[in-house]
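Q: Would you mind keeping the following structure in view while I ask a few things?
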Amino acid sequence: GENVEQHPSTLSVQEGDSAVIKCTYSDSASNYFPWYKQELGKGPQLIIDIRSNVGEKKDQRIAVTLNKTAKHFSLHITETQPEDSAVYFCAASITGTYKYIFGTGTRLKVLA
Amino acid sequence: GAVVSQHPSWVICKSGTSVKIECRSLDFQATTMFWYRQFPKQSLMLMATSNEGSKATYEQGVEKDKFLINHASLTLSTLTVTSAHPEDSSFYICSARDSLAGDYIQYFGAGTRLSVL
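The structure is reproduced here in structure tokens:
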């Protein structure tokens, strides 16, 4: 079945610097890859997503890249701000369903 | 935007009692909803897929008689934790898919923290 690995588990950056989180997936037929931000005690919020027919997508300070050949995708946050501090989860769709498998999460801390 | 409301946000119950958690899609129809469980500092684990008008589909290892799911309308799914025990204490989160959009996107509720004494 599908497996998603996420690295790093924790990441500290200085305010204004960039942050990159990487995920790899095992099922080459997966075709949808969302990224969620979860603040303490709250539900996950979708911040960006990408489909398998696209290599890159950008939304202001956030971008996602997808390498289908290597089966990995990455989240890039530029000009980080303290409010970006949270846990970020990647996910991959399970082929033939609308279900997701989530990565293990990355705790991002932006230092002011 | 698509909003999913989950209630209650926090519940404490005694061991052996049952607890019901509601998940509502406020501005869209959701024939499919999902229930997740999340332990502290861990990822989201899918428990079951809730299908409007039919039986839920449970993931391997999840006891269907323990976690009862009812999806009686296009906007409401409920999860009942029956005969709760301390090991059932966790953060339960629901999500919903916009059926008309025909998309993969899942919109998440704010979660319910269950503490069983």
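First to last, the sequence lines map onto chains A and B. Its first residue numbered 1, the first sequence is counted upward by one per residue in our numbering. Its first residue numbered 1001, the second sequence is counted upward by one per residue in our numbering. Glycine is no exception: its CB is placed at the ideal position from the N, C-alpha and C atoms.
Taking the runs of the beta strand (DSSP E) that are 3 residues or longer, which of them lie wholly in the segment 66-104 of chain A?
A: List check, beta strand (DSSP E) in window: 72-77, 86-93, 100-102.
Q: Please state the DSSP three-state secondary structure of P1040 of chain B.
A: Coil, per DSSP.
Q: Cα-Cα, which of B:L1046, B:T1082, B:L1114 is closest to E2 of chain A?
A: With distances taken between Cα atoms, E2 of chain A lies closest to B:L1046.
Q: Along chain B, in chain order, which residues have C-beta atoms closer than 7 Å to that of T104 of chain A?
A: Result: S1043.
Q: Please state if the CB of L1044 of chain B and the CB of F102 of chain A are separated by a distance shorter than 8 Å.
A: Yes.
Q: Can you check DSSP and say which residues form a bridge with R61 of chain A?
A: In the DSSP output, where bridge partners are listed per residue, R61 of chain A has none listed.
Q: What is the residue span of the beta strand (DSSP E) that V1062 of chain B lies within?
A: Run containing V1062 of chain B: none; DSSP gives neither H nor E here.
Q: In the DSSP output, what is S1115 of chain B paired with across the bridge?
A: The partner list for S1115 of chain B (beta bridge, DSSP) reads B:I1012.
Q: Excluding five sequence neighbours on each side, which residues of the same chain lie with their C-beta closer than 7 Å to the C-beta of G16 of chain A?
A: Excluding residues within five positions, the ones whose Cβ falls inside 7 Å are E79, T80.
Q: What is the DSSP secondary structure of P1086 of chain B, reduced to helix, strand or coil?
A: P1086 of chain B falls in the helix class under three-state DSSP.
Q: Starting from A1110 of chain B, find everything on chain A with Cβ-Cβ shorter than 7 Å and list it in chain order.
A: Within chain A, the residues near A1110 of chain B are K42, G43.
Q: So the candidates are B:L1068, B:Q1029, B:K1014, B:F1067; which of them puts its Cα closest to the Cα of D1103 of chain B?
A: Ranking the options by Cα distance to D1103 of chain B, first place goes to B:Q1029.
Q: Starting from R1097 of chain B, find everything on chain A with Cβ-Cβ shorter than 8 Å and list it in chain order.
A: Chain A residues near R1097 of chain B: Y98.
Q: Closest Cβ-Cβ distance between T1031 of chain B and chain A: below 8 Å?
A: Chain A contact via Cβ: absent.
Q: I'd like to know if F89 of chain A contacts chain B, where contact means its C-beta is closer than 8 Å to some C-beta of that chain.
A: Yes, its Cβ sits closer than 8 Å to a Cβ of chain B.
Q: Pull up the distance between the alpha-carbon of D1088 of chain B and that of W1010 of chain B, whole angstroms please.
A: Approximately 14 Å, taken between the alpha carbons.
Q: Determine the chain B residues that contact Y32 of chain A at a beta-carbon separation under 7 Å, and present them in chain order.
A: Correct list: Y1104.
Q: Would you call F1039 of chain B buried or exposed, if buried means 16 or more other Cβ atoms sit within 10 Å of its Cβ?
A: Exposed, because fewer than 16 other Cβ atoms sit within 10 Å of the Cβ of F1039 of chain B.
Q: Using only alpha-carbon positions, find the residue among A:W35, A:A86, A:P44, A:S12 that is nearest to L66 of chain A.
A: Comparing Cα-Cα distances from L66 of chain A to each of A:W35, A:A86, A:P44, A:S12, the minimum goes to A:W35.
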